[in-house]
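> I'd like to ask you about the structure that follows.
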Amino acid sequence: MTKYHSDDYIRFLKNIRPDNMTEFNKQMQRFNVGEDCPVFDGLYEFCQLSAGGSVAGAVKLNKQHTDIAINWGGGLHHAKKSEASGFCYVNDIVLAILELLKYHQRVLYIDIDIHHGDGVEEAFYTTDRVMTASFHKYGEYFPGTGDLRDIGAGKGKYYAVNFPLRDGIDDDSYEGIFKPLISKVVEMFAPSAIVLQCGADSLSGDRLGCFNLTLKGHGKCVEFVKNLGLPLLLVGGGGYTIRNVARCWTYETAVALDTEISNELPYNDYFEYFGPDFKLNISPSNMSNANSPEYLDKIKSRLFENLRMLPHAPGVQMQVIPEDAIDIEMEEDQDKQNGEERISIRASEKRICNENELSDSEDEGDNRKDIRSNKKAKKTRQTESTPTDSKMVSEKSESKEAESSNSVDKTGESSNATAMAVSESTTSDDKK
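Counting from 1, one number per residue, gives the positions in the sequence shown under full-length UniProt numbering.
Okay, structure coming up:
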């Protein structure tokens with residue numbers, strides 16, 4: 001994570017906990033942690049998982065082990081070098097792009113979250129090797145950045161593309177700006193890899209959002225970028241109506257896999273949360289679209305003018321490729337060895353899920369309750385090994401080692417133990 005973030009910031013994230021926050025008052029103010037970026041148990045481990053997933057995906061793309069990698073736990077596009085922001089602590093997107101740049105001369109970042117991808121734009125604002133394109137709500141809306149005139153600086157001038165939008169944009173309007181603009185960006189910039197942030201808060205009905213996109217409109221962006229045929233990393237992002245976030249990323253996983261899935265939701269442990277219709281697709285609301293065709297055409301024309309200022313496919317002399325952040329081959333071997341010890345995702349969820357973890361949302365109605373929370377929890381027994389047991393196991397182990405050593409001395413044979421250490425580099429926006 002320190003490939004981008006400062007050492008003292010990452011050290012702070014590692015050490016702070018809800019029970020010691022009073023010891024870090026100054027650091028919390030310095031690193032903007034505490035209000036829209038609260039401290040919680042497992043914060044550092046969460047950052048490791050989010051960042052590690054995106055970086056691992058980038059490594060697999062670099063090694064051509066896959067053409068599309070997905071980390072729905074990533075997409076935390078607001079985090080800065082030494083500052084948390086908008087529910088984002090570690091910027092997994094920046095870390096993944098840095099990994100991609102080891103093998104790719106130019107990387108394109110596209111953001112369809114309702115909030116501006118300010119953290120990613122800031123990280124690459126002065127370089128011509130990364131182009132950022134963000135389609136977002138602009139005005140009196142977090143984070144307040146992403147003006148049409150924000151185009152980059154220095155070598156990065158014209159390499160930041162911002163499309164400021166108004167409330168209520170629908171599928172047709174969004175498609176009418178997304179496809180032609182991204183086509184022009186790809187033509188002029190000629191990236192060899194793409195990162196697409198798929199924030200679900202741009203969907204209709206999101207609690208913090210104000211757009212009117214359906215799953216199909218949102219998913220068409222994923223489909224269009226996928227069909228460009230370039231190595232693609234899909235990451236998550238914002239989304240505050242949780243059942244619609246699940247719908248969105250399920251649908252877009254199917255899009256990435258070229259798979260048709262039914263609109264009828266299969267029964268599962270969380271089925272009651274998807275009522276009253278229990279369907280995959282969501283319907284648009286009757287909110288008005290404040291984005292007139294004239295406004296969208298005006299912004300699109302301005303952005304096309306900026307893109308014409310770009311030199312075609314800027315050349316980059318590639319240096320010696322740095323070491324990969326994650327040794328994929330080593331991890332795959334380890335996965336095979338530990339395969340029998342793995343448990344299913346469903347079993348893992350049941351093991352770690354608290355009884356009241358999934359609260360009934362205010363807008364979900366009386367008929368959609370967590371059915372598990374209405375049942376009495378069954379009593380379970382947890383057996384722990386006592387210190388005496390541990391001591392006995394330790395003594396038996398030492399006895400076996402001594403016998404093995406004596407046996408080697410008697411036969412005159414020697415054996416060399418080779419210890420292979422696998423160094424797992426765990427690296428890292430709305431949200432918000």
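Every residue, glycine too, gets a C-beta built ideally from N, C-alpha and C. The model shown is predicted, which means the values in this text are computed figures rather than measured ones.
If I follow the unbroken beta strand (DSSP E) through ALA193, where does it start and stop?
Where ALA193 is concerned, the enclosing beta strand (DSSP E) stretches over 193-197.
> Looking only at C-alpha atoms, which of ILE194, ASP297 and SER204 sits nearest to ILE177?
The residue with the shortest Cα to Cα distance from ILE177 is ASP297.
> Suppose you measure from the CA of ASP128 to the CA of VAL107; what does that come to, to the nearest Å?
Cα to Cα, the separation comes out at about 10 Å.
> Taking the alpha carbon of HIS78 as the reference point, which residue from ASP167, GLY146, ASN62 and PHE12 has its own alpha carbon closest?
When each option's Cα is compared against that of HIS78, the closest is GLY146.
> When the distance is taken between beta carbons, is ILE169 closer than 8 Å to ASN212?
Against a cut-off of 8 Å, the Cβ pair of ILE169 and ASN212 comes out as a contact.
> What residues in its chain sit with their C-beta under 6 Å from that of ARG207, if we drop five residues either side in the sequence?
TYR240 and THR241.
> Here's a check: name, in chain order, each residue in its chain whose Cβ is nearer than 6 Å to the Cβ of THR380, leaving out the five neighbours to either side.
Model confidence at THR380 stands at a pLDDT of 44, short of 50, so the residue's coordinates are unreliable and nothing is read from them.
> Ordered along the chain, which non-local residues of its own chain (more than five positions away) have a Cβ less than 6 Å from that of ALA200?
Closer than 6 Å at the Cβ level, and outside the excluded window around ALA200, lie GLY239, VAL245 and CYS248.
> Taking only runs of the alpha helix (DSSP H) that begin and end inside the region 229-258, which ones reach a length of at least 4 residues, in chain order?
Listed in chain order, they are 242-256.
> Is the CB-CB distance between PHE304 and LYS220 below 8 Å?
Not a contact, by the Cβ cut-off of 8 Å.
> For the 8 Å Cβ check, are there 3 or more pairs between the region 73-91 and the region 247-262?
No: fewer than three Cβ pairs fall under 8 Å.
> Does the contact criterion of 3 or more C-beta pairs under 8 Å hold for the region 99-106 versus the region 61-78?
At 8 Å Cβ cutoff, the stretches touch.
> ASP92 and VAL235 - do their beta-carbons sit closer together than 8 Å?
Yes, they are a contact pair.
> Just list the residues that DSSP pairs THR132 with in beta bridges.
Partner(s): TYR109 and ALA160.
> Specify, as a first and last residue, the run of the beta strand (DSSP E) that ASN71 falls within.
Per DSSP, ASN71 belongs to the beta strand (DSSP E) from 68-71.
> Please go through the same chain and pick out, in chain order, the residues whose beta-carbon is closer than 6 Å to the beta-carbon of ASN354, but skip the five residues on each side of it.
Annotation note: pLDDT 49 at ASN354 (below 50); position unreliable, no value reported.
> How close, in whole Å, do the beta carbons of LEU233 and GLY57 come, if the pair is a contact with beta carbons under 8 Å?
Correct: roughly 5 Å between the Cβ atoms.
> Which class does SER390 belong to by DSSP, given the choice of helix, strand or coil?
With a pLDDT of only 45 at SER390, under the threshold of 50, the placement of this residue in the model should not be trusted; the figure read from the coordinates follows. Three-state result, SER390: helix.
> How long is the line joining the alpha carbons of ILE114 and PHE135, rounded to whole angstroms?
Their Cα atoms are separated by approximately 7 Å.
> Tell me which same chain residues have a C-beta within less than 7 Å of the C-beta of ALA256, skipping the five on either side of it?
Counting only Cβ-Cβ distances below 7 Å, and skipping sequence neighbours, we find ILE68, ILE70, VAL222, LYS226 and LEU234.
> Label ILE288 either buried or exposed according to how many other C-beta atoms from any shown protein chain fall within 10 Å of its C-beta, with 16 as the threshold for buried.
First, the residue type needs correcting, since residue 288 is Ser and not Ile in the sequence shown. Result: exposed.
> Kindly indicate which three-state DSSP category LEU213 falls into: helix, strand or coil?
In the structure shown, LEU213 sits in a strand (DSSP, three-state: E or B).
> Rounded to the nearest angstrom, what separates GLU23 and ASP7 at their Cα positions?
Using only the alpha carbons, I get a separation of about 19 Å.
> Using a Cβ-Cβ cutoff of less than 6 Å, which residues in the same chain neighbour TYR109 once the five nearest sequence positions on both sides are dropped?
Cβ neighbours of TYR109 beyond the five flanking positions: VAL120, THR132 and VAL195.
> When DSSP builds the beta bridges, which residues end up paired with residue 457?
The structure shown does not extend to residue 457, since the chain is modelled only from 1 through 432, so no value can be given for it.
> Going straight from the alpha carbon of CYS47 to that of VAL90, what length do you get?
Their backbone Cα atoms lie some 6 Å apart in a straight line.
> Run through the DSSP bridge pairs and tell me what GLU264 is partnered with.
Bridge partners of GLU264: LYS279.
> So what does DSSP say about SER82, is it helix, strand or coil?
Looking at SER82 - three-state DSSP - the assignment turns out to be coil, as it is neither helix nor strand.
> So, using beta-carbon positions, are SER197 and GLY154 closer together than 8 Å?
Here residue 197 is Gln; the residue named in the question, Ser, does not match the sequence. Cβ distance not < 8 Å, so GLN197 and GLY154 don't count as in contact.
> Quick one: using the 10 Å Cβ neighbour count with 16 as the cut-off for buried, is LYS26 buried or exposed?
Classification of LYS26: exposed, given that the 10 Å Cβ count is below 16.
> What would DSSP say about LEU310, mapped onto helix, strand or coil?
In the structure shown, LEU310 sits in coil (DSSP, three-state: anything other than H, G, I, E or B).
> Between the alpha carbons of ASP167 and PHE142, how many angstroms are there, rounded?
One C-alpha to the other measures close to 14 Å.
> Would you identify the three-state DSSP class for LEU165, choosing helix, strand or coil?
Strand.
> What residues are listed by DSSP as bridge partners for LEU203?
DSSP output for LEU203 lists LEU213 as bridge partner(s).
> Give the C-beta separation of ILE97 and VAL130 to the nearest angstrom, bearing in mind that I take them to be a contact with Cβ-Cβ under 8 Å.
About 6 Å separates the two Cβ atoms, so the contact holds.
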